[in-house]
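Chains as they are written, first to last, in our numbering: chain V, 22 to 308; chain H, 445 to 831.
Taking it in order: structure first as C-alpha cells, then the write-up.
Now the structure itself:
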C-alpha cells in the first residue's frame, strides 16, 4: 500500500465517527406472506410498513470521486418474512438507464452489511482489512437481461452489421460458446460481469477496502426492480442466515448496521462514482 | 502522491503508485518515414485478437493520417487542449503531466470518448495540411489546412500507426479503481485482468492514447496485449512481423544509463536517439518509439515527439553515411525473432536471437542483383517485360 493510499485510509477514521448522526433506524417488522409477493415492489402490503428516509451523499473519500450528485435521498422499507430480510428501496430518477453501450452506464443500487464486525469497527466505505462487508448489488441492466434477454451489441447498436464471429454458431450471445470464446476472454474466464445467463438481477459482493470488491461465487440473495413515474423501486431480499462464510449472518431481534449506495447511469455513475449513505441501524424483527 | 522518475521528460513527477520498473521493458520502434497506411498491421491484429462479438469497432492497432486523422475522433487534440500549455526547458519538461494536471478526486486528467467518436476510424485519411492555395507562408501552413492534395508544394501529412504504448507509468492502471490492470514484472507488458474488470471504463477515460476499449458484449474493457504469447517465446508481435513495409522492430529496452550500444533497441533509442516517444509530455513514459517523419514541419513534430525531434530528423537524414545506424534499421521486419544484439560483418548485418543466442537473421546491405537472360531456354520462349 502506498503512502498516498494510507493517507486516504486514515481519513476514513474520522468518517466512522459520523455514524452517530446517521439517519433514524430502519425497522424490519416480521410479517407473514410468501417471498414471491414481497419481491414485488408494487405489492400493496409494502405501503403498510414504516418508511425511513436515508440521506445520500456523493462519494468523495476514494479516487475517483462523484463530482455531480443527482440523488439526495432514498426511501427504505423493510420486512422480515419466512427467514428472509426484504428491503424495498425507492428513489427518484428522471431517466431509466439500463442499456450499456460504449459511453452509457446503468442505474444501480446496493445494500451493505458488516460481515463480522459492527458499525463502529467496520468502515461503511467498502469495509476495511480484516473487517469485510457483504454487499447486495442490483443493476438495471441485469433486470433487463432477465426480463428481455441478454442486453447485447444488437440492442445498444440496433443497425449494427457484422458478417460473422469466428468459430461461433451464430451472432446471438448463446450461439457464441466453446472455442469462439477465445475472442471474449471475459466470458471465457467466467467473469461474473460477463454472465449471459443471469438468474437474478442481483449479485453478492465481499470487500475489505477500496478496490477489493469481489463477486461471491455463491449467490443467496434475490431481487426485483421496477421503474414507474420517474421512480425506481427495487426489492433486495436475502436469507437471514446463509451457508456462505463471506455473508453477514442476521439474527432476528437484533440491531445491525446497514448502508446503501445509488448509481445514476445518465450521469455516468459507476464504481466509486456513486452516492452512498453512512451506516444506519436496521432493527430486524422477530425473535 | 509518490514521486517517480520519468527519463523522457528529464525529471521526477507525481504518480499514484510508487515507482517499480519491470525486470525488462518490452518496447517497439516504428519508422514513420516508411509507413504507407496499408493497414496490414491493423488486420493482422484484428484477425488475431479482436474478431469477436463486442469487438466490432475495437482496433488495438490502427493507422491514422496526421494531422487530421484520429481514432477515436480527436483523441490527441482533445487531451492536448485539456492539458493546456506544455513547455520544455531544454530536455526537461516544465509543464504539467496528466497526473499532475488531474483535478481533485481524479487519478489522471482524461475524458471518456463519446460513442460516435469510434464511428469513423478512417476520418481525415490522406488529408493534407497546408498548401499554397491555403495561405502557406515560407513553407509553413497558416493553420487553414485540411486541403486535399491539390499541389505538391508545402503540403504535408504522414501516417501514424498506433498501438498500446505499454507505458512505464500507465494512466489506465492509475485510473482503475478496481486494480484490475497490471504491468508484468517480467516484461513490462500492461494487461487488463479479464476476470476482474467490471467495465467502469476509467481506463478508457484515463489513457490519453485511448487504447483500452469497452466491449459491450462482455461488458469489460480490453486492450492490446503486445501478443504476449508470442513474446514469451522470443517472437515479435503480429503487427510487427506482418508489416509489409518493414517499418517496425520490437524488443527489450534498457534504461538510458544501462543502454547496450549493440542492442538494436537501445542503440536506436538511447544511443542514436533517432526514435522518440509519442507525446512524452503526458508523463506516461510510453514504450512505442517513433522515428519522426522528416518532411513534417518541426513545430508539429516538437509537439508530438518532444524537443529531441530536431536531432532525430538530422540523424535520420544522415543515416546513409553511418553503416551501423543503417544496419540497425535494416533489421526492421527482417526476422520474427526478438533480437538481443546486432553486429556488422562486411556488407551484412547480423541479428542475434534473444533466447538462444544464435544467429537469427543476416541481412545484406545491398541485395544481390540478378539479371535473367532474355530467352528462357527451359521453356523455349522469350521473356517479355510485362510488368
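Built from N, CA and C at the ideal position, the CB exists for glycine as well.
At least one beta carbon of chain H lies nearer than 8 Å to the beta carbon of residue 204 of chain V. Contact with chain V is absent for residue 490 of chain H, since none of that chain's Cβ atoms lies less than 8 Å from the residue's Cβ. For residue 728 of chain H, the closest alpha carbon among the candidates H/612, H/767 and H/463 is that of H/612.
Here the C-alpha atom of residue 255 of chain V lies approximately 6 Å from the C-alpha atom of residue 245 of chain V. Taking every protein chain shown into account, the CB of residue 57 of chain V has fewer than 16 other CB atoms within 10 angstroms, so this residue is exposed.
Between the beta-carbon of residue 448 of chain H and that of residue 513 of chain H there is about 32 Å, and that puts the pair past the 8 Å contact cut. Taking CB atoms only, residue 179 of chain V has no neighbour in chain H less than 8 Å away. Within the stretch 180-191 of chain V, the residues whose Cβ lies closer than 8 Å to some Cβ of chain H are 181, 183, 186, 187 and 189, listed in chain order. Chain V places no beta carbon closer than 8 Å to that of residue 540 of chain H, leaving this residue out of the contacts.
Under the DSSP assignment, residue 749 of chain H falls in the alpha helix (DSSP H) whose first and last residues are 742-749. Rounded to whole angstroms, the gap between the alpha carbons of residue 234 of chain V and residue 90 of chain V is 22 Å. Our two residues, residue 285 of chain V and residue 127 of chain V, have alpha carbons roughly 7 Å apart in a direct line.
Going by DSSP, residue 457 of chain H is part of the beta strand (DSSP E) stretching over 455-458. For residue 182 of chain V, there is no enclosing alpha helix (DSSP H), since its DSSP letter is neither H nor E. With respect to chain V, the C-beta atom of residue 752 of chain H has no partner C-beta closer than 8 Å. Within the stretch 758-791 of chain H, the complete beta strand (DSSP E) segments at least 3 residues long are 783-789, listed from N- to C-terminus. Taking residue 555 of chain H as reference, the option from H/628, H/501, H/542 and H/624 with the minimal CA-CA separation is H/542. Taking the CA atoms as reference points, residue 707 of chain H sits about 17 Å from residue 763 of chain H.
Shown here, residue 559 of chain H sits in a helix according to DSSP, grouped into three states.
Nearest to residue 721 of chain H by C-alpha distance, out of H/799, H/527 and H/608, is H/608.
In the structure shown, residue 674 of chain H falls within a helical segment according to DSSP collapsed to helix, strand and coil.
Of the candidates V/192, V/177 and V/178, the residue whose Cα lies closest to the Cα of residue 184 of chain V is V/192. Residue pairing by DSSP places residue 51 of chain V opposite V/101 in a beta bridge.
At a beta-carbon threshold of 8 Å, none of the residues of chain H lie near residue 198 of chain V; the nearest stands roughly 11 Å away.
Apart from sequence neighbours up to five positions away, the residues of its chain that approach residue 523 of chain H with a beta-carbon distance below 8 Å are 542, 553, 554, 555, 652 and 726, ordered along the chain. Not a single CB atom of chain H sits nearer than 8 Å to the CB of residue 219 of chain V. The beta carbon of residue 682 of chain H does not come within 8 Å of any beta carbon belonging to chain V, so the residue lies off that interface.
In this structure, residue 526 of chain H keeps its C-beta atom at 8 Å or more from the C-beta atom of residue 570 of chain H. Taking the C-beta atoms as reference points, residue 807 of chain H is found nearer than 8 Å to residue 774 of chain H.
The Cβ of residue 231 of chain V sits closer than 8 Å to at least one Cβ of chain H.
Residue 627 of chain H carries a strand assignment under DSSP once its states are collapsed to helix, strand and coil. Boundaries of the alpha helix (DSSP H) around residue 493 of chain H: 484-493. With contact defined as three or more Cβ pairs closer than 8 Å, the stretch 162-173 of chain V and the stretch 449-468 of chain H are not in contact. Under the three-state reduction of DSSP output, residue 291 of chain V falls in the strand class. Contact between residue 120 of chain V and residue 96 of chain V is absent: CB atoms are separated by about 26 Å, not below the 8 Å threshold.
The C-beta of residue 116 of chain V comes no closer than 8 Å to any C-beta of chain H.
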